[in-house]
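Rendered as structure tokens:
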């Protein structure tokens, strides 16, 4: 079977002085970037303060911070609640079932009371084996729901606290089945999502125990809350870095149709969770990327970008679009055809994101454009003639550094075609001259002065295009006017051999002892 990891199907934008290294970095870091972005917006693990059916009886508190004194009291109450649960489970007399439910509800209430629940106290008191007992088949739904809720909030704790759920995983997975009520199945999915959010080791345990298929089936109906929780749990479960789970997920019968249906029709909250599933599918799996590209996914992502103003939704939608464009040459060659409505739509929504006040959207949009700009001459001309270029030029000189670096890849890729026989990229002189005349050279020279190796290399590569490609031999003069010689001389004794050789080679070739003699 062919290797399905991202590295095996990365689309090199162009084998040129600007673009190739960045494409590799982006594909390799797709999961990490997505994880960081996700956790900055929506925590990878979530406390359950109100249950799936909205029946939480935990009073809302204006301040979730707990003083030391309150913490000691909460710990003591939790230890006592676990002891009460132990007694309730042992009790076999009249009303035993209600006694167990009441004890579970009290423990759940304590574990839901604060943003920092007393998980350690519950574990020390021996809560896990008791909660596993309460998950046994044949138990009433109310008992199952309360036990799963307690486990959900324990799993939202520290890494070692999350690992304490290992004995409970088989039953939590079993209760995802069709015989379970929706509230119980959803609460179990929530607990498993917290476990999966902890890291690769626990994800592998869940996958080996068969958590993926039942979670995937929970995405198939149109039950908003249940689908939302299942999608969130799945996006944690397939985070990788192994692409196997993402490939397995897209192969589940009906899953692709469900993803497309939810992207098309669902409210923004549900669409956000589904979009994160698409992020990880497209970041990790060659097979999944191919399936998504051949569907209506790109069209639906573009429609969401065009119509939504929710940052929570726009980020995973834009990242998904970028992954699909970067991940499969089929996309740019046969889907994003210049002149077609969908292609015009992609450029329009990317321009919308470049205009946004949100830093992340500007950076993501620039990344997507850099991959499109690495395509054919027609794709380069499409961007070059769009509203994107003046926005990119402004961002190159005014934006945060990370955005400027992404923008530089777009502008650089607009100026070159695939490498010629001498290893140097062929120039698109019209684009290069226009962009330099509009002031972009100083932005690239600023990158040369940065401490970031990748950015400095990109700046030097663009300076090489200018020195070599500007008509009438004007390149050296333009570089000198922007203090480019000084910027390159910083690398005369630099520890990075590539940068040192590149900078010294340019200075020697274009600013040697004969430079300026004609004048």
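Residue numbers (this note's numbering): 10 to 528.
We treat Cβ as the ideally placed atom computed from N, Cα and C, and that holds for glycine.
All values reported here derive from a predicted model rather than from experimental measurement.
* Distance between residue 289 and residue 384 (C-alpha atoms, nearest Å) -> Whole-angstrom Cα-Cα distance: 24 Å.
* Skipping 5 residues on each side, what residues in its chain have a beta carbon closer than 7 Å to that of residue 346? -> Sequence-distant Cβ neighbours of residue 346 in its own chain, meaning closer than 7 Å and more than five residues away, are 352.
* **Segments of 3+ residues assigned as beta strand (DSSP E) that fall wholly inside the region 388-448** => Whole beta strand (DSSP E) segments, 3+ residues: 425-428, 434-436.
* To do: Classify residue 7 as helix, strand or coil using the three-state DSSP reduction.
  => This structure gives no information on residue 7, because the portion of the chain shown stretches from 10 to 528.
* **Same chain only: Cβ atoms within 6 Å of residue 205, ignoring 5 sequence neighbours per side** => In chain order, 212, 215, 245, 246 place their CB closer than 6 Å to the CB of residue 205, counting only its own chain and leaving out the 5 sequence neighbours on each side.
* Near residue 286, which residues of its chain fall below 7 Å by C-beta distance, leaving aside the five closest residues on each side in sequence? -> Hits under 7 Å: 240, 243, 244, 268.
* Where does residue 254 sit, in a helix, a strand or coil, going by DSSP? -> The three-state reading of DSSP puts residue 254 in helix, counting H, G and I together.
* On the premise that residue 398 lies in contact with residue 327, defined as a C-beta separation below 8 Å, what is that separation, rounded to the nearest angstrom? -> The Cβ separation is near 19 Å, so there is no contact.
* Pick helix, strand or coil for residue 149, following the three-state DSSP scheme. => Residue 149: coil per DSSP, three-state reduction.
* To do: Inspect the CB distances between the region 461-469 and the region 478-491 and report whether three or more fall short of 8 Å.
  => Three or more beta-carbon pairs separated by less than 8 Å are not found between the region 461-469 and the region 478-491, which leaves the two stretches without contact.
* To do: Decide if residue 380 is buried, meaning its Cβ has at least 16 other Cβ atoms within 10 Å, or exposed.
  => Label assigned to residue 380: buried.
* Asked: For residue 76, which three-state DSSP category applies?
  -> Note: residue 76 maps to coil in three-state DSSP.
* Cβ-Cβ distance between residue 322 and residue 313 below 9 Å -> Less than 9 Å divides the Cβ of residue 322 from the Cβ of residue 313.
* Asked: With 16 as the cutoff for other CB atoms within 10 Å, does residue 348 come out buried or exposed?
  -> Counting Cβ neighbours within 10 Å, residue 348 comes out exposed, since fewer than 16 surround it.
* Asked: Looking only at C-alpha atoms, which of 147, 372, 137 sits nearest to residue 158?
  -> The closest CA to that of residue 158, considering only 147, 372, 137, is found on 137.
* Asked: Short check: CB of residue 226 to CB of residue 282, under 9 Å?
  -> No, these two residues do not count as a Cβ contact at 9 Å.
* To do: Flag this pair as touching only if the region 79-86 and the region 146-158 have three or more C-beta atom pairs under 8 Å; answer yes or no.
  => Judged by Cβ distances under 8 Å, the region 79-86 makes no contact with the region 146-158, as fewer than three pairs qualify.
* Segments of 4+ residues assigned as alpha helix (DSSP H) that fall wholly inside the region 227-287 -> The DSSP assignment places complete alpha helix (DSSP H) segments of no fewer than 4 residues inside the region 227-287 at 233-246, 253-259, 264-274, in order along the chain.
* Rounded separation between residue 108 and residue 57 - CA only -> Their Cα atoms are separated by approximately 23 Å.
* To do: Give every residue of the same chain whose Cβ lies closer than 6 Å to the Cβ of residue 458, excluding the five residues on either side of it in the sequence, and list them in chain order.
  => Only 496 meet the Cβ criterion.
* Sequence-distant residues of its chain with Cβ nearer than 6 Å to residue 54 (five each side left out) -> Answer for residue 54: 165, 203, 206, listed in chain order.
* Asked: Which runs of the alpha helix (DSSP H) spanning at least 4 residues fall entirely within the region 166-205, listed in chain order?
  -> As summarised for the region 166-205, the continuous alpha helix (DSSP H) elements at least 4 residues long and confined to that stretch are 168-172, 178-183, 191-205, given in chain order.
* To do: Go to residue 460, then tell me how far its alpha helix (DSSP H) extends in each direction, as first and last residue.
  => Residue 460 -> no alpha helix (DSSP H), and no H or E assigned at all.
* **Boundaries of the alpha helix (DSSP H) in which residue 217 is found, first to last residue** => Per DSSP, residue 217 belongs to the alpha helix (DSSP H) from 209-217.
* Would you tell me roughly how many angstroms separate the C-alpha atoms of residue 43 and residue 201, rounded to the nearest one? => Model confidence at residue 43 stands at a pLDDT of 43, short of 50, so the residue's coordinates are unreliable and nothing is read from them.
* Asked: How many angstroms separate the CA atom of residue 474 from the CA atom of residue 393?
  -> Cα to Cα, the separation comes out at about 17 Å.
* Asked: Among 307, 90, 171, 364, which residue has its Cα nearest to the Cα of residue 333?
  -> Among 307, 90, 171, 364, the Cα nearest to that of residue 333 is on 307.
* To do: Name the two residues that bound the continuous alpha helix (DSSP H) containing residue 138.
  => 136-143 is the span of the alpha helix (DSSP H), which, as asked, contains residue 138.
* Asked: In whole angstroms, what is the alpha-carbon distance linking residue 123 and residue 443?
  -> C-alpha separation (whole angstroms): 59 Å.
* Sequence ranges, alpha helix (DSSP H) only - wholly within the region 283-335, length at least 4 -> For the region 283-335, whole alpha helix (DSSP H) runs of length 4 or above, ordered along the chain, are 295-302, 306-316.
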